[in-house]
Every structure is written in structure tokens, then in C-alpha cells.
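Data first, discussion second: the structure below is written as C-alpha cells.
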Ligand SMILES: Nc1ncnc2c1ncn2[C@@H]1O[C@H](COP(=O)(O)OP(=O)(O)OP(=O)(O)O)[C@@H](O)[C@H]1O
Ligand SMILES: [Mg+2]
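See below:
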């Protein structure tokens, strides 16, 4: 359970189980005790520095893991109870009382719930006692970092305007040089490659060149495609076709290639291929791009060899200099809308410069650090803590940037952590529709209601906060300035994926397939859904076989079939064999 999800679980516990159990004295007491203990656990896990501190102290790490595990167990117990009650409710023959479950029917579950919650409460008590027993310092307040949920945080106030691409500092010389390479007359086609490490600003520079007015005038036609590691040539062609206002829907790769080729023929055109990881892309795409001295291709890549293999003219991007780094840091730390935009109080200048120095001219590290500081109190002690934390993170590995990103993540308020982690499930370099992202956050229970405020508004604030912190970027805006779509930088995406794995956030435990008459079979890949515990299939009448697929699930605990095809029921009830008996033992049929 992600830490933010404990909050969600607590709500669930409050709303449902207390209602159900309030009739039955003892259980109610145990549930209340559980809630109290979970509140304490939540406070511990919400401490933003806990990840950092865990890295310092293995005892603390073990203790925190135990807390997380017991929280998972508690959630399982509650889920199971809910499931059984729900199941019982649906089995009630009396259609006039569809939502009632009789006391006598509930009683065995209540007893079971009581016993299991008692056990969990005892376990929690022991875990909490271990803290003193083994002298574990959960470390609030901490020596190194800062707390993101309480002290040291600037209170979240009115929304401030979001500043993004307009924030680009420097790069004028770079843009001029790359532009020149593209527009100068040549006797043949030309490829230009911007090369440099991750987070250095290659994409930013390529976009700046792409939007340069002279480039716009010079070329009759321009297109930009994001490539990424697992590119599909059809998708890329589609993206290019869209950029040049063709409607490529429902075309296969060959048709798309022909359309793009036909359109570009005899035109002076520029194609930008951002984030190329293998020369294969170029080999596959170039036959679709008519070759002449009017063709220009701009690629960005971390790997210089790709540029060489494409016979490109290389442009090596350099890290930002001291002055530009400071300028960018000021823009991000004191953004427009803050009390004094772009101005650092004198007493903080030294510390700010030290923090900027740590970023070694890498823009991604600077914008993320600035985003982090923009949320903090502008005091010496608060900044000193950040600098210390940064030094610690940087000492952990050779990839300096990654340390700074990890620090920014661990400092996010707990409610933003889960939301940020979710961004990792989208494919690399993909444009994420903001409304879809927010809907998912709400459905996952990551967004907490705040008084009268609509949960959708809270979700939008979360999105804006992540953007302010430079943890995600704006890809497009609506006419009224609100975010329409966003992107996550691939290094931050990698971070989200690895943190999500640690916090087990995307483990699917419950799957319900409902009213899918066209679904004929369920295909379970070996090893898929390893954490799935409950499978419910309701009204999927096209499905005639299931048993063999169920065997591939690693550890199912309940399978619930309702209103299913007779053939399938017969298969479940009649197929012989020990392994099938196990499935039958956990399957209920209604
Ligand atoms: N000159 C700059 N001024 C302001 N912000 C910048 C600048 N260069 C880069 N950034 C910011 O730094 C981050 C990383 O930049 P960008 O995505 O361009 O890096 P990249 O070199 O393309 O990385 P990758 O190799 O991972 O694709 C972005 O958030 C971008 O907005
Ligand atoms: Mg890039």
C-alpha cells in the first residue's frame, strides 16, 4: 500500500466497516483500535524523509517495511470482509430486500473479522513496541532533510500561474547554431544531431529551433515526432502525418508511408525526431522521407554514435554555465506569482548558489531542485537542510542527476507521491491527457476531498503542484490556460517506476469483469497478475471455458462467477483432477 493509500484505506475503514460493525460491540472496539493505530502509522509513513532515513538506518527500514506489510494485511482483511458481505447480499433470495444481509448470515464473518483484526492489532502493538526496544529513531525532526507534510512547508495557497517553456534560459547561441546548420544551402539532404546526456536540454533546444521564426519561414513544411525506446514506426509516421495536417487514421504503415512521402515530395521540409535510441529508427523511416537537397532532419539523442551512423552533423550540447544556471534556479525557485519573482533574499544567496553548483549545469536537476525549494520556507535553516540532503543523495551514486530527482520525490507531500508514481505507467515520451490522469487519480483514491471543494478541483491542484515542482511538464493547454495534456521526463519516469515497485503501488489484487458478452475467453499469461487475489466475472455469457486459465494465476484466493454461461459452469463443476479441485474450492457460482 502506498502511503497515500493508507489515508484512503482509513476512509474506507471509517465509512464501511464501522457502519457494519457498529452493532457488534467487540468488533467495533477492535476496528476503532485498528483505525487509531493506522493513523499513527500513516503519520510515520507520511514523513517525507522516511525513505532517506531508511537508507541511513537498516533497522528503521525493516521497521517501516513491517508497518507497510501489516497495513497491507489489514486492508486484505477488510476487503475480504466486504467481499463476503457483498457476496452474501447478492445471494439473498428475497428480491424485495436486495441490500439487506441478515444478522445471522453476517455473524460468522463478524466473528472471523473480530479474530483477524485482534491478531493484526497485536502485531501492530508489537511492531510499535519494537521502536523503543531496538532504539529505532524514526527521526522526526530529521537531521538531514525536511518534512514535506508539516514543518518547513509553505502552506498551499492560492493557485499561481504556471510557468514552463517560456522559462528557457540561454540557448540562444545553441539555437542559432543549430538553425544555421538546418537552413544553409546544401547540395544534398542533411541530418543534424543534437547530442548530450539525459536532462541536458536536447528536446528543449530542438523545440526552440523548430519554433524559430526563421525556420518556420524557411521550410514549407515541418513535423515533430517523439521516438523513445520502444517506438513503433507506424505511430511515428502517424505523428508526422498529424504534424503536417494529414488525416492518417485507419491507415497501415505502407499507406502512411506513401501519403507522407507523396506530401513531402518536392517540398523544402524539416522533420524533427526527438529522443532516438537506435539507428534502426532512421533506417526504417528514411525511405518514407523523399530525399533531395531540400530535406532536413534534426534528431536528438544521448548516443553520439547514432548521429555518426546517420551521417549527421553533430551538435554537442554543453551544460549551462554558472550565470545561466543561477538564472534558471531563480526562475524556478521564485516563480511568477510568488512574493518576489526571480529575486533571492540576500541571506540565502550563498546557499542557493551552493545548491545550484551541485546540479553541475544540468537543467533537469536545476528545475527539479528549484521546484522543490519553491515549496519550502525561504529560511536559512530550511535551505541548509536541503543542501545537506542533496549532498547525501549525491554521495550515493555516480549519476548525480538521479540523486537530486530522488530527493525531490522523497520530499513531495505524501498525497502527491502516489499521483506522481502513477505517471510512470504511461509509455515513455507519451502525451498524457490531463483529464484522464486526474480521473485515474480520483478512481484510485489518491485524491482526498477537502471540505466543500470538489474532488476534481483538488485533483487539478495536485496536477498543478506537480508541474510547479517540475516533476511533470505541460504538453498542451486549453484556451483558458488550464492544462490539457502533460508529459513526464524519461528520467523522472524511470524514478516513478522504481519507486512504485518499492511501494507496491500497482499490484492488482481485485479484478472484476462485468457485462462483457463479446468476451469469449480469458487469456492469462504465465506469471501475469501475480498479486491477484480476487477475480469476479459477472454476466460474461460468451465465455465458455475458464478453468485452465485460472490455473495460471499464481495465488488466487477467491473466484466469483455470476450469471455465466452453462457450459462454463459445467466445466467448473465436472472437470476432474486434483489441480482443478483447488480452483473449485475457492470458486463460488451464482
Ligand atoms: N535552457 C533551459 N532553460 C530552462 N529549462 C530547461 C533548459 N534546458 C532544459 N530545461 C528543462 O530541463 C528539463 C530537461 O530538459 P530536456 O527534456 O530538454 O532534456 P533532454 O536532454 O531532452 O533529456 P533526455 O535525454 O532525457 O530526453 C526539462 O524540464 C526542460 O524544461
Ligand atoms: Mg529529450
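Residue numbers (full-length UniProt numbering): 1 to 590.
Even glycine gets a Cβ: it sits at the ideal position worked out from N, Cα and C.
Requested in this report: Could you check the C-alpha separation between residue 314 and residue 227 for me, to the nearest Å?
Outcome: Residue 314 and residue 227 have their alpha carbons spaced roughly 19 angstroms apart.
Requested in this report: Work out the CA separation of residue 295 and residue 278 for me, nearest whole Å.
Outcome: The straight-line gap from Cα to Cα measures roughly 21 angstroms.
Report task. With DSSP as the reference, please indicate the residues paired to residue 223 in a beta bridge. Result -> Under DSSP, residue 223 forms a beta bridge with 271.
Report task. Select from 561, 200 and 348 the residue whose C-alpha is nearest the C-alpha of residue 598. Result -> Summary: the structure shown does not reach residue 598, with the chain confined to residues 1 through 590, and so no result is reported for it.
Query raised in the report: Mind checking whether the beta-carbon of residue 196 lies closer than 7 angstroms to any heavy atom of ligand 1?
Result: Yes.
Requested in this report: Use the C-beta contact count for residue 501: other C-beta atoms within 10 angstroms, 16 or more gives buried, fewer gives exposed.
Outcome: By the neighbour-count rule (16 or more Cβ atoms within 10 Å), residue 501 is not buried but exposed.
Requested in this report: Take the Cβ of residue 186 as the centre, count every other Cβ of all protein chains shown within 10 Å, and call the residue buried at 16 or more, exposed below.
Outcome: Residue 186 is exposed by the Cβ-count criterion.
Query raised in the report: Can you give the Cα-Cα distance for residue 330 and residue 343, rounded to whole angstroms?
Result: Between residue 330 and residue 343, the alpha-carbon positions lie close to 7 angstroms from each other.
Query raised in the report: Is DSSP giving residue 560 helix, strand or coil here?
Result: DSSP places residue 560 in strand when its eight states are reduced to three.
Query raised in the report: Nearest CA to the CA of residue 379: which residue from 345, 392 and 403?
Result: Residue 345 is the option with its Cα nearest to residue 379.
Query raised in the report: Who pairs with residue 193 in a beta bridge, going by DSSP?
Result: The bridge partners DSSP lists for residue 193 are 299 and 314.
Requested in this report: Flag this pair as yes or no: are the beta carbons of residue 205 and residue 317 separated by less than 8 angstroms?
Outcome: Judged by their CB atoms, residue 205 and residue 317 are nearer to each other than the 8 angstroms cut-off.
Query raised in the report: Is residue 473 near ligand 1, judged by its Cβ being under 7 angstroms from some heavy atom?
Result: Here the distance from the Cβ of residue 473 to the nearest heavy atom of ligand 1 is below 7 angstroms.
**Report entry** Segment contact, 8 angstroms Cβ cut-off, at least three pairs: the stretch 236-255 with the stretch 193-204
**Finding:** In short, these stretches do not touch, since the Cβ pair count stays below three.
Query raised in the report: Excluding the five sequence neighbours on either side, which residues of its own chain have a C-beta within less than 8 angstroms of the C-beta of residue 366, listed in chain order?
Result: Within the same chain, 320, 325, 328, 329, 332, 356 and 359 come within 8 angstroms of residue 366 by CB-CB distance, once the 5 residues on both sides are set aside.
Query raised in the report: Where does residue 523 sit, in a helix, a strand or coil, going by DSSP?
Result: Coil, per DSSP.
Query raised in the report: Is residue 202 near ligand 2, in the sense that its beta carbon is under 7 angstroms from a heavy atom of that ligand?
Result: Under cutoff, so the answer is yes.
Requested in this report: Decide yes or no for the touch test of the stretch 517-536 against the stretch 484-493: beta carbon pairs closer than 8 angstroms, at least 3 of them.
Outcome: Under the 8 angstroms Cβ criterion, the stretch 517-536 does not count as touching the stretch 484-493, having fewer than three qualifying pairs.
Query raised in the report: What three-state label does DSSP hand residue 510 in the structure shown?
Result: Strand at residue 510.
Query raised in the report: Any idea if residue 443 is buried or exposed, counting beta-carbon neighbours within 10 angstroms, 16 or more meaning buried?
Result: With a 10 Å radius around the Cβ and a threshold of 16 neighbouring Cβ atoms, residue 443 comes out exposed.
Query - Close-in-space but distant-in-sequence residues of the same chain around residue 37 (CB under 8 angstroms, 5 per side omitted) - result: Result list for residue 37: 121, 124, 125 and 128, in chain order.
Query raised in the report: Less than 7 angstroms between the CB of residue 275 and some heavy atom of ligand 2, yes or no?
Result: At least one heavy atom of ligand 2 falls within 7 angstroms of the beta-carbon of residue 275.
Query raised in the report: Should the stretch 403-413 be regarded as contacting the stretch 377-391, the criterion being three or more beta carbon pairs within less than 8 angstroms?
Result: Taking 8 angstroms as the limit for Cβ pairs, the verdict is that the stretch 377-391 does touch the stretch 403-413.
**Report entry** Three-state class that DSSP yields for residue 518 in the structure shown
**Finding:** It is coil, neither helix nor strand.
Query - Distance between residue 323 and residue 208 (C-alpha atoms, nearest Å) - result: So the two alpha carbons sit approximately 20 angstroms from each other.
**Report entry** For residue 588, the first and last residue of its enclosing beta strand (DSSP E)
**Finding:** 587-589 is the extent of the beta strand (DSSP E) around residue 588.
Query raised in the report: Nearest CA to the CA of residue 253: which residue from 271, 285 and 590?
Result: Comparing Cα-Cα distances from residue 253 to each of 271, 285 and 590, the minimum goes to 285.
Query raised in the report: What residue does the alpha helix (DSSP H) around residue 575 start on, and which one ends it?
Result: Boundaries cannot be given for residue 575, as no alpha helix (DSSP H) includes it and DSSP labels it neither H nor E.
Query - Cutoff 7 angstroms; reference residue 419; Cβ partners in own chain excluding five residues on either side - result: Cβ neighbours of residue 419 within its own chain (closer than 7 angstroms, five residues either side excluded): 441, 446, 462 and 466.
Query raised in the report: Which value, in whole angstroms, describes the spacing of the CA atoms of residue 280 and residue 290?
Result: Near 18 angstroms, if we compare the C-alpha coordinates of residue 290 and residue 280.
Query raised in the report: How far does the alpha helix (DSSP H) with residue 497 in it reach, from first residue to last?
Result: For residue 497, the enclosing alpha helix (DSSP H) begins and ends at 490-502.
Report task. Would you kindly work out how many angstroms separate the C-alpha atoms of residue 41 and residue 470, rounded to a whole number? Result -> One C-alpha to the other measures close to 29 angstroms.
Query raised in the report: For residue 529 versus residue 543, is the C-beta spacing smaller than 8 angstroms?
Result: Going by beta carbons, residue 529 and residue 543 fall outside the 8 angstroms limit.
Query raised in the report: Is it the case that the CB of residue 468 approaches a heavy atom of ligand 1 more closely than 7 angstroms?
Result: Not so, every heavy atom of ligand 1 lies at least 7 angstroms from the Cβ.
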